[in-house]
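Peer 1: Here it is, the structure in full.
Number of protein chains: 2
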Amino acid sequence: MWRKDLTVEESKRLARENTKDIIACGFDVTKTFIFSDFGYNEPAFRENVAEISKRVTLNQVIGIFGFSGEDNIGKIAFPPVQAAPSFPSSFPHLFPGMDNLRCLIPCAIDQDPYFRMARDVAPRLGYNKPALIESSFFPALQGFSGKMSASDPSSAIYLTDTAKDIKEKINSALSGGQKLSVEQKEHGANLEVDVPFKYLSFFLNDDSELEHIRKEYGEPGGRIQSGGVKKRLTEVLTEIVERHRKARAAVTEEMVDAFMDARPLPSMLE
Amino acid sequence: MWRKDLTVEESKRLARENTKDIIACGFDVTKTFIFSDFGYNEPAFRENVAEISKRVTLNQVIGIFGFSGEDNIGKIAFPPVQAAPSFPSSFPHLFPGMDNLRCLIPCAIDQDPYFRMARDVAPRLGYNKPALIESSFFPALQGFSGKMSASDPSSAIYLTDTAKDIKEKINSALSGGQKLSVEQKEHGANLEVDVPFKYLSFFLNDDSELEHIRKEYGEPGGRIQSGGVKKRLTEVLTEIVERHRKARAAVTEEMVDAFMDARPLPSMLE
């Protein structure tokens, strides 16, 4: 709905590609149902979309999402489609007669408006409000004030990047280290603006190693310089991306079909 | 979407009741597919709804339908749902590979805006524009300036009315006949405002009888008075309603299921 040139066919293809990335993260097919809005045609889901749509006014969605008169009406119809999975009755094959289950939604913070709307509507439908765990965005490689953007490949590391891509991108990322090594020795790095250190704090599983780097890089008198942090991050990310690439290569179209099949999952709630 | 108190369950029930009335009119199950928007969950239909929604702006639907900020967004999402059946690709079980078929839509004139929108969008989707046959509304029994209304049972004859209801309603309908029989003899009736005569022009199959009534009632010196027209209309409508009642009573839930089943209809185009 947002990208004028995006066809239905391409949307459906992208949904399957995204599904492969999710599966590659290690989800269990006996406990996971992945659906796309075009692929999941359960009447109860559509009925919840209609029930939500009835209870949200045009003024409300304009207030929440900032739509204008030039926006297409697919965008305006979409928020209830995004909100409907908050309610167990949208999935009768998974939660038959369990309308009182509470839904927990892990999502990025930009999805918050949809589920605030869902929380607002829920009691009027006789449903529980969904709860959310919201993740913040990674900063762009160019710095915390920038935005990762699909139109600027240098702003982010992709799961499709080669080891060489990763190394080059991280080397040009915004560092909080001092220009001269004497200054670095004297002041330590400014970790508040240091993107590679921030990324390490997300991706390095070993907390004691991270603490070691924080001290030796961020504090005066430390022995680690910006290049060392970038090198360590390059190693960590290269390994993660390589592991994901291997896992993703093992995902077949049949596995995608299996995850996306609307079937009962009795062990989901165990 | 329009009636705040109407539930999804009740909408689905009403759709089946309407279907019974349609079947009772004598449609052929080997050539007829009846669907409701909740019941027909074909992905190709939903995809056409999305393709149309993408190509209509909020300003356009506000211009066409007069929506306001207080309207619920289900109303705003609805026009593409109403427009999508204009395109054969919405019905792959009926018209596989026949995307170039032209669609003819018989409808009442109030539905025109939806299909004007469909005609506008059609070429941008690579589809033919649908054509329309638009029927005008019957006047209300109280006169041509009034509106038939579900909230005013005396404004219309219902298929559920008894013979007594019909007789009483027609007797109190607005007549174009003169108050006094001498005036009637001198001037004839004013057929322009005479609701019973207008109804007869719709329902009386015998054109020569209608012409006879037009002359003997509408022209000076005629021998038919207002009461005679009302009596004839009462006979005609009572017979139609009675016939419909019998035909409708013979419609079973299984017949409704059969008409609403999305199945191939190879003889539909013969």
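Residue numbers (my numbering), protein chains in the order written: chain A, 1 to 270; chain B, 1001 to 1270. Glycine residues also receive a C-beta, built at the ideal position from the N, C-alpha and C atoms.
Throw me the rounded Cβ distance for the residue 1 of chain A and residue 95 of chain A pair, which I believe falls under 8 Å.
Peer 2: Locating residue 1 of chain A in the first sequence gives position 1, counting from the first residue. Locating residue 95 of chain A in the first sequence gives position 95, counting from the first residue. Not really, about 28 Å apart at Cβ, beyond 8 Å.
Peer 1: Which of the residues in the segment 1146-1177 of chain B, read from start to end, lie with their CB under 7 Å from any CB of chain A?
Peer 2: Result list empty, no residue passes.
Peer 1: Report the neighbours of residue 1080 of chain B on chain A: residues whose CB is nearer than 9 Å to its CB, in chain order.
Peer 2: In the second sequence, residue 1080 of chain B corresponds to position 80, counting from 1. Result: 73, 74, 77.
Peer 1: Report all residues from its chain with a CB closer than 6 Å to the CB of residue 1106 of chain B; omit the five preceding and five following residues, and keep chain order.
Peer 2: Counting from one through the second sequence, the residue named residue 1106 of chain B turns up at place 106. Around residue 1106 of chain B: 1133.
Peer 1: Which residues of chain B have a Cβ atom closer than 9 Å to the Cβ of residue 246 of chain A, listed in chain order?
Peer 2: Here residue 246 of chain A corresponds to residue number 246 of the first sequence, with the count starting at 1. Here the premise fails: no neighbours, minimum Cβ distance about 33 Å.
Peer 1: Can you find at least 3 beta carbon pairs, one from the segment 1048-1057 of chain B and one from the segment 1018-1030 of chain B, that sit closer than 8 Å?
Peer 2: At 8 Å Cβ cutoff, the stretches do not touch.
Peer 1: When you compare only the Cα positions, how much space is there between residue 1003 of chain B and residue 76 of chain A?
Peer 2: Residue 1003 of chain B sits at position 3 when you count from the first residue of the second sequence. Residue 76 of chain A sits at position 76 when you count from the first residue of the first sequence. Whole-angstrom Cα-Cα distance: 20 Å.
Peer 1: Can you grab the Cα-Cα spacing for the pair residue 69 of chain A / residue 1083 of chain B, in whole Å?
Peer 2: Looking up residue 69 of chain A in the first sequence gives position 69. Looking up residue 1083 of chain B in the second sequence gives position 83. In a straight line, the C-alpha of residue 69 of chain A is about 20 Å away from that of residue 1083 of chain B.
Peer 1: Along the chain, where does the alpha helix (DSSP H) containing residue 1157 of chain B start, and where does it finish?
Peer 2: The sequence position of residue 1157 of chain B within the second sequence is 157, counting from 1. Element bounds for residue 1157 of chain B: n/a, residue is neither H nor E.
Peer 1: Quick check on residue 58 of chain A - is its C-beta less than 9 Å from some C-beta in chain B?
Peer 2: Position 58 of the first sequence holds residue 58 of chain A. Taking Cβ atoms only, chain B reaches closer than 9 Å to residue 58 of chain A, which makes this a yes.
Peer 1: Could you give the C-beta distance for residue 108 of chain A and residue 89 of chain A, rounded to a whole number, given that I count them as a contact under 8 Å?
Peer 2: In the first sequence, residue 108 of chain A corresponds to position 108, counting from 1. In the first sequence, residue 89 of chain A corresponds to position 89, counting from 1. Actually they do not touch by this definition, with Cβ atoms about 26 Å apart.
Peer 1: Is the Cβ-Cβ distance between residue 80 of chain A and residue 1038 of chain B less than 9 Å?
Peer 2: Here residue 80 of chain A refers to the residue found at position 80 when the first sequence is read from its first residue. Here residue 1038 of chain B refers to the residue found at position 38 when the second sequence is read from its first residue. Contact: no.
Peer 1: Name the chain A residues that come within less than 8 Å of residue 1050 of chain B, Cβ to Cβ?
Peer 2: By one-based count along the second sequence, residue 1050 of chain B stands at place 50. Simply 1, 8, 38, 74.
Peer 1: Decide yes or no for the touch test of the segment 257-266 of chain A against the segment 216-234 of chain A: beta carbon pairs closer than 8 Å, at least 3 of them.
Peer 2: Touching, no.
Peer 1: Identify whether residue 1132 of chain B lies in helix, strand or coil by the three-state DSSP scheme.
Peer 2: Here residue 1132 of chain B is taken as the residue at index 132 of the second sequence, counted from 1. In this structure, residue 1132 of chain B counts as strand in the three-state DSSP scheme.
Peer 1: Does the beta carbon of residue 119 of chain A sit closer than 9 Å to a beta carbon anywhere in chain B?
Peer 2: The residue labelled residue 119 of chain A in the question sits at position 119 within the first sequence. For residue 119 of chain A, the answer is no, since every Cβ of chain B falls outside 9 Å of its Cβ.
Peer 1: Measure from the C-beta of residue 86 of chain A to each C-beta in chain B and report whether the shortest distance is under 9 Å.
Peer 2: Against the first sequence, residue 86 of chain A aligns to sequence position 86. With 9 Å as the cut-off, residue 86 of chain A does not count as an interface residue toward chain B.
Peer 1: Measure the C-alpha to C-alpha separation of residue 161 of chain A and residue 1055 of chain B and round it to an integer number of angstroms.
Peer 2: To locate residue 161 of chain A, count along the first sequence from 1; it is residue 161. To locate residue 1055 of chain B, count along the second sequence from 1; it is residue 55. Residue 161 of chain A and residue 1055 of chain B: Cα-Cα distance of roughly 35 Å.
Peer 1: Can you tell me where the alpha helix (DSSP H) with residue 80 of chain A in it begins and where it stops?
Peer 2: Here residue 80 of chain A refers to the residue found at position 80 when the first sequence is read from its first residue. Its alpha helix (DSSP H) spans residues 73-83.
Peer 1: Which stretch, first to last residue, makes up the alpha helix (DSSP H) that contains residue 125 of chain A?
Peer 2: Locating residue 125 of chain A in the first sequence gives position 125, where the first residue counts as 1. Start and end: 112-125.
Peer 1: Counting only C-beta atoms, is residue 67 of chain A closer than 9 Å to chain B at any point?
Peer 2: Indexing the first sequence from 1 puts residue 67 of chain A at position 67. Chain B contact via Cβ: present.
Peer 1: DSSP on residue 1088 of chain B, reduced to helix/strand/coil?
Peer 2: If you number the second sequence from 1, residue 1088 of chain B lands on position 88. The answer is helix: DSSP assigns residue 1088 of chain B an H, G or I state.
Peer 1: Specify the secondary structure class of residue 1181 of chain B as computed by DSSP and reduced to three states.
Peer 2: Here the question's residue 1181 of chain B lines up with position 181 in the second sequence. Three-state DSSP puts residue 1181 of chain B in a helix.
Peer 1: Determine the DSSP secondary structure at residue 200 of chain A, reduced to helix, strand or coil.
Peer 2: The residue you call residue 200 of chain A lines up with position 200 of the first sequence. Of the three classes helix, strand and coil, the one that applies to residue 200 of chain A here is helix, per DSSP.
Peer 1: Please classify residue 224 of chain A: does DSSP put it in a helix, a strand, or coil?
Peer 2: As a first step, residue 224 of chain A must be located in the first sequence, where it is residue number 224. The answer is coil: DSSP assigns residue 224 of chain A none of H, G, I, E or B.
Peer 1: Can you find a CB in chain A that lies within less than 9 Å of the CB of residue 1253 of chain B?
Peer 2: Here residue 1253 of chain B refers to the residue found at position 253 of the second sequence. Not an interface residue.
Peer 1: With a CB to CB cut of under 6 Å and the five nearest residues on each side skipped, what residues in its chain are close to residue 1086 of chain B?
Peer 2: In the second sequence, the residue the question calls residue 1086 of chain B occupies position 86. The residues are 1103, 1118, 1130.
Peer 1: Name the chain B residues whose beta carbon is nearer than 9 Å to that of residue 41 of chain A?
Peer 2: One-based indexing of the first sequence puts residue 41 of chain A at position 41. Chain B residues near residue 41 of chain A: 1041, 1042, 1043, 1046.
Peer 1: I'd like to know whether the C-beta of residue 1070 of chain B is nearer than 9 Å to at least one C-beta of chain A.
Peer 2: Position 70 of the second sequence, counting from 1, holds the residue named residue 1070 of chain B. Output row for residue 1070 of chain B: interface = yes.
Peer 1: When the Cα atoms are used, what is the spatial distance from residue 6 of chain A to residue 13 of chain A?
Peer 2: Along the first sequence, read from residue 1 onward, the residue named residue 6 of chain A stands at position 6. Along the first sequence, read from residue 1 onward, the residue named residue 13 of chain A stands at position 13. Straight-line Cα distance between these residues: approximately 11 Å.
Peer 1: Would you kindly report the start and end of the unbroken alpha helix (DSSP H) that includes residue 1104 of chain B?
Peer 2: Here residue 1104 of chain B refers to the residue found at position 104 of the second sequence. Not the alpha helix (DSSP H): residue 1104 of chain B falls in the beta strand (DSSP E), residues 1104-1108.
Peer 1: Smallest Cα separation from residue 190 of chain A: which of A:222, A:208, A:58, A:165?
Peer 2: Position 190 of the first sequence, counted from the start, is the residue given in the question as residue 190 of chain A. The shortest C-alpha separation from residue 190 of chain A is found at A:222.
Peer 1: Going by Cα to Cα distance, which pick from A:180, A:240, A:155 is closest to residue 205 of chain A?
Peer 2: For the purposes of this step, residue 205 of chain A is identified with residue 205 of the first sequence, where counting begins at 1. The shortest Cα separation from residue 205 of chain A among A:180, A:240, A:155 belongs to A:240.
Peer 1: Return the CA-CA distance between residue 1057 of chain B and residue 1198 of chain B, expressed in angstroms with no decimal places.
Peer 2: The count along the second sequence starts at 1 and reaches residue 1057 of chain B at position 57. The count along the second sequence starts at 1 and reaches residue 1198 of chain B at position 198. Taking the straight line from one Cα to the other gives about 41 Å.
Peer 1: Go to residue 19 of chain A, then tell me how far its alpha helix (DSSP H) extends in each direction, as first and last residue.
Peer 2: Position 19 of the first sequence, counted from the start, is the residue given in the question as residue 19 of chain A. Run containing residue 19 of chain A: 8-24, per the alpha helix (DSSP H) assignment.
Peer 1: Between which two residues does the alpha helix (DSSP H) holding residue 1216 of chain B run?
Peer 2: Here residue 1216 of chain B refers to the residue found at position 216 when the second sequence is read from its first residue. 1207-1218 is the extent of the alpha helix (DSSP H) around residue 1216 of chain B.
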